[in-house]
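Undergrad: In our numbering, the protein residues as written are 19 to 320.
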Ligand SMILES: NC(=O)c1ccc[n+]([C@@H]2O[C@H](COP(=O)([O-])OP(=O)(O)OC[C@H]3O[C@@H](n4cnc5c(N)ncnc54)[C@H](OP(=O)(O)O)[C@@H]3O)[C@@H](O)[C@H]2O)c1
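#1: How do the stretch 162 to 172 and the stretch 129 to 142 stand: do at least 3 beta-carbon pairs fall below 8 Å, yes or no?
#2: Can the beta-carbon of residue 97 be found less than 7 Å from the beta-carbon of residue 262?
#3: Where DSSP assigns a beta bridge to residue 104, which residues make up the other side?
#4: Take the Cβ of residue 182 as the centre, count every other Cβ of all protein chains shown within 10 Å, and call the residue buried at 16 or more, exposed below.
#5: Measuring alpha carbon to alpha carbon, tell me which of 219, 320, 280 and 285 ends up nearest residue 307.
#6: In the DSSP assignment, the alpha helix (DSSP H) including residue 171 goes from what residue to what residue?
#7: Excluding sequence positions up to five away, which residues of its chain have a Cβ less than 8 Å from the Cβ of residue 319?
#8: Residues in the same chain with beta-carbon distance under 8 Å from residue 151, minus the five sequence neighbours each way, listed in chain order, please.
#9: Span of the beta strand (DSSP E) holding residue 309?
#10: How is the beta strand (DSSP E) around residue 66 delimited, first residue to last?
#11: Ligand 1 and residue 27: does any heavy atom of the ligand fall closer than 6 Å to the residue's C-beta?
#12: So what does DSSP say about residue 239, is it helix, strand or coil?
#13: Quick check: does the Cβ of residue 94 come within less than 6 Å of any heavy atom belonging to ligand 1?
#14: Can you have a look at residue 19 and say buried or exposed, based on whether 16 or more other CB atoms are within 10 angstroms of its CB?
#15: Can you tell me which of the three DSSP states residue 184 falls into?
#16: Quick check: the stretch 188 to 207 against the stretch 140 to 149, are there 3 or more CB pairs under 8 Å?
#17: Hey, out of 231, 224 and 95, whose CA is closest to residue 271's CA?
#18: Spatial neighbours of residue 87 within its chain, please: C-beta separation below 6 Å, excluding the five flanking residues on both sides.
#19: Going by the DSSP bridge assignment, what does residue 157 pair with across the sheet?
#20: Would you list the residues sitting across from residue 88 in a DSSP beta bridge?
#21: Assign residue 222 to one of three DSSP states: helix, strand, or coil.
#22: Does the separation of the CB atoms of residue 81 and residue 99 fall below 7 Å?
#23: Relative to the alpha-carbon of residue 131, which residue among 278, 311 and 217 has its alpha-carbon at the smallest distance?
#24: Using a threshold of 7 Å, state whether the C-beta atoms of residue 189 and residue 217 are closer than that.
#25: Does the stretch 278 to 295 come close enough to the stretch 229 to 243 to have 3 or more Cβ pairs within less than 8 Å?
#26: Measure from the C-beta of residue 83 to each C-beta in chain C and report whether the shortest distance is under 7 Å.
#27: Could you tell me if residue 85 is buried or exposed, where buried requires 16 or more neighbouring beta carbons within 10 angstroms of its beta carbon?
Below you can see the structure in the form of structure tokens.
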């Protein structure tokens, strides 16, 4: 059995690979990435490192050849990544892959969910199912690491965090717990044609997260309840494009319609899901947001 990890040089991909190496031999891993030189350390350990870019379908069949299972890590270009994912699934099928585990999002298919980011996930899930491949949808909640490494520094620097999520709640989950859950799916039997909700242990609002950041940092930080229009104006001022299709900066592949509709979905309760699937898959309780904030606290602005 060979397991493919796509986007293996990303944060999720690196963690999943590290955990897979505790369970399988390096030669059983096919690690694909746009930049193979970034995985030279894993190639040196014996993993098969191959170049693959979902924007270049011609690169994919050879990259996936010989793989049995695939961890398809969603790309970062929210709002315009569906074709990338379709290219990957079609190539996987053509290359003989049997089972695709995909990093999706909580309630991506709930009718009415306004999150633009979830539209890609919903349509990718459906495409995988229609491909005839066995599937496992790994529906991750909002990453606690995103709160710790992106939201916290911005809030501390500014002393305030504008949010149109208001008092809507979500169960932020550690990306590491999601990677461990993915590895369980790839290395143990019985996960075909299933979906898992991967959440943290408690439902929290963004203002409650900001309160934790304020307590841990000792800095005056407040959540500022604003409207969706105010959020658009905030992201306009930071130079983000409105539409995913307007991206010009590959280093900042986000658009304000993705981010504002994400906050709206939190506010309207679409991500208010709590589940014990992480513990069922990994045998361990998921980490709390506070633990993840403490882990990254030393990286916050002084
Ligand atoms: N649940 C959440 O809160 C949350 C938060 C952030 C992100 N996400 C999603 O989870 C994914 C993994 O998160 P992360 O923290 O590991 O992000 P990351 O470190 O920014 O990694 C981005 C990933 O996208 C891959 N990628 C980008 N363009 C690609 C292309 N053209 N072809 C193939 N792969 C491509 C990268 O692969 P290479 O660079 O190796 O080619 C890498 O694996 C993200 O891409 C995003 O879809 C979820």
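The beta carbon of each residue, even a glycine, is placed where N, CA and C say it ideally should be. Note that the structure is predicted; figures quoted are calculated from it, not measured.
TA: Reading from the atomic positions:
#1: Contact between the stretch 162 to 172 and the stretch 129 to 142 is absent, because fewer than three Cβ pairs lie under 8 Å.
#2: Taking the first residue of the chain shown as position 1, residue 97 is located at position 79. Taking the first residue of the chain shown as position 1, residue 262 is located at position 244. In this structure, the beta-carbon distance from residue 97 to residue 262 falls below 7 Å.
#3: Translated into positions along the chain shown, residue 104 becomes position 86. Answer by DSSP bridge pairing: none, since residue 104 is not bridged.
#4: Residue numbering aside, residue 182 sits at position 164 when the chain shown is read from its first letter. Buried, because 16 or more other Cβ atoms sit within 10 Å of the Cβ of residue 182.
#5: Within the chain shown, numbered from 1, the residue matching residue 307 stands at position 289. Considering only alpha carbons, the answer is 219.
#6: Here residue 171 refers to the residue found at position 153 when the chain shown is read from its first residue. Unbroken alpha helix (DSSP H) run through residue 171: 170 to 176.
#7: In the chain shown, the residue the question calls residue 319 occupies position 301. 171, 174 and 175, listed in sequence order.
#8: Residue mapping note: residue 151 aligns to position 133 of the chain shown, counting from 1. The answer, listed in chain order, is 107, 110, 111, 115, 116, 117 and 118.
#9: Mapped onto the chain shown, residue 309 falls at position 291. Taken as a continuous stretch (DSSP letters only), residue 309 belongs to no beta strand (DSSP E), being part of the alpha helix (DSSP H) at 307 to 314.
#10: Residue 66 sits at position 48 when you count from the first residue of the chain shown. For residue 66, the uninterrupted beta strand (DSSP E) run begins and ends at 66 to 69, by DSSP.
#11: If you number the chain shown from 1, residue 27 lands on position 9. Of the heavy atoms belonging to ligand 1, at least one sits nearer than 6 Å to the Cβ of residue 27.
#12: As a working note, residue 239 is residue 221 in the chain shown. DSSP places residue 239 in coil when its eight states are reduced to three.
#13: Indexing the chain shown from 1 puts residue 94 at position 76. The nearest non-hydrogen atom of ligand 1 is less than 6 Å from the C-beta of residue 94.
#14: Counting from 1 along the chain shown, the entry for residue 19 is found at position 1. Taking a 10 Å sphere around the C-beta of residue 19, we find fewer than 16 other C-beta atoms and assign the residue as exposed.
#15: Locating residue 184 in the chain shown gives position 166, counting from the first residue. In this structure, residue 184 counts as coil in the three-state DSSP scheme.
#16: The stretch 188 to 207 is not in contact with the stretch 140 to 149.
#17: As a position in the chain shown, residue 271 is number 253, starting the count at 1. Of the candidates 231, 224 and 95, the one whose C-alpha sits nearest the C-alpha of residue 271 is 95.
#18: Residue numbering aside, residue 87 sits at position 69 when the chain shown is read from its first letter. Excluding positions up to five away in sequence, the list reads 21, 117 and 204.
#19: Looking up residue 157 in the chain shown gives position 139. Residue 157 is bridged to 122 and 215.
#20: In the chain shown, the residue the question calls residue 88 occupies position 70. Beta-bridge pairing links residue 88 to 22 and 118.
#21: Here residue 222 refers to the residue found at position 204 of the chain shown. In this structure, residue 222 counts as strand in the three-state DSSP scheme.
#22: On the chain shown, residue 81 is found 63 positions in, with the first residue counted as 1. On the chain shown, residue 99 is found 81 positions in, with the first residue counted as 1. No.
#23: Reading the chain shown from its first residue, position 113 is the one you call residue 131. Of the candidates 278, 311 and 217, the one whose C-alpha sits nearest the C-alpha of residue 131 is 278.
#24: Reading the chain shown from its first residue, position 171 is the one you call residue 189. Reading the chain shown from its first residue, position 199 is the one you call residue 217. In this structure, residue 217 lies closer than 7 Å to residue 189 by Cβ.
#25: No contact exists between the stretch 278 to 295 and the stretch 229 to 243.
#26: Protein chain content of the structure displayed is limited to a single chain, and chain C is not contained in it.
#27: Position 67 of the chain shown, counted from the first residue, corresponds to residue 85. For residue 85, the number of other beta carbons within 10 angstroms of its own is at least 16, and it is reported as buried.
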